[in-house]
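Trainee:
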Amino acid sequence: MTSIVKNLENEHATVAMGQLIAQGLTPPLTIFLTGDLGAGKTTLSRGIIQSLGHEGAVKSPTYTLVEPYELANVDVFHFDLYRVADPEELEFMGIRDYFNQNSICIVEWPEHGQDCLPSADLHIHLSYQDNQREMTISAESTLGQTILTKLK
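First residue of the sequence shown: 1, per the UniProt record's numbering; consecutive thereafter.
(1) Provide the residue(s) that pair with Thr136 in DSSP beta bridges, ordered along the chain.
(2) Leaving out five residues before and five after Val84 in sequence, what residues of the same chain have Cβ atoms less than 6 Å from its Cβ?
(3) Looking only at C-alpha atoms, which of Phe99, Gln23 and Met135 sits nearest to Gly53?
(4) Taking the beta strand (DSSP E) that Gly35 falls in, what are its first and last residues?
(5) Considering only C-alpha positions, which residue in the set Ala120, Gln101 and Asn102 is nearest to Glu108?
(6) Looking only at DSSP bridge pairs, what is Cys105 linked to?
(7) Sort Thr136, Gly18, Ala139 and Lys150 by Cα distance to Ser51 and report the nearest one.
(8) Residues in its own chain within less than 7 Å of Leu90 by CB, not counting five upstream and five downstream?
(9) Quick check on DSSP: helix, strand or coil for Pro68?
(10) Looking at the secondary structure, which residues open and close the alpha helix (DSSP H) in which Phe92 lies?
(11) Along the chain, where does the alpha helix (DSSP H) containing Ile95 start, and where does it finish?
(12) Take the Cβ of residue 153 as the centre, count every other Cβ of all protein chains shown within 10 Å, and call the residue buried at 16 or more, exposed below.
(13) With a threshold of 7 Å on Cβ separation, who are the neighbours of Asn100 within its own chain once the five nearest residues in sequence on each side are excluded?
(14) For Arg83, name the three-state secondary structure that DSSP assigns.
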């Protein structure tokens, strides 16, 4: 499918981009976030989750694997699979149950989930580029394409 590239100068710009992305999100939706440690995946997630209506801190679910946010019209599940050694761990926690008709699932380090995860609608890759970050957003489904078109 198609993709767009955005440069993000700092943390504020990363949060703002998350807020912009959130404007086009409707469940069911799956977002994969990839990139090196410290590239801004959780910062982008914070912008998305707070823009969807969560008031308060958005912490990285590195140790809990998933952080749920039950909002007015949607359930948001923020996953961080960095510490998953075996994808079967995800089966034991019932990961497939989180991906339902009323949920938006944001998955950091999806490559650690292998065959336990559904396909992404959006794949967002963050990388360092000089003193800023570069974000590549790729549509992986028809819904993802619709969101990507609104971001152009």
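Glycine is no exception: its CB is placed at the ideal position from the N, C-alpha and C atoms.
Mentor: The short version:
(1) Thr136 pairs with Val5 and His125.
(2) Contacts found: His112.
(3) Nearest C-alpha to Gly53: Gln23.
(4) Its beta strand (DSSP E) spans residues Leu29 to Gly35.
(5) Nearest of Ala120, Gln101 and Asn102 to Glu108, Cα basis: Ala120.
(6) Cys105 pairs with Thr30 and Phe77.
(7) The shortest C-alpha separation from Ser51 is found at Gly18.
(8) These residues qualify, in order along the chain: Val84, Gly113 and Cys116.
(9) In the structure shown, Pro68 falls within a strand segment according to DSSP collapsed to helix, strand and coil.
(10) Element bounds for Phe92: Glu88 to Phe92.
(11) In the DSSP annotation of this structure, Ile95 is not part of any alpha helix (DSSP H), being labelled neither H nor E.
(12) Residue numbering for the chain in the displayed model covers 1 to 152; residue 153 lies beyond these limits and cannot be assessed.
(13) Pro28.
(14) DSSP, reduced to helix, strand and coil, places Arg83 outside both helices and strands of the structure shown, so it counts as coil.
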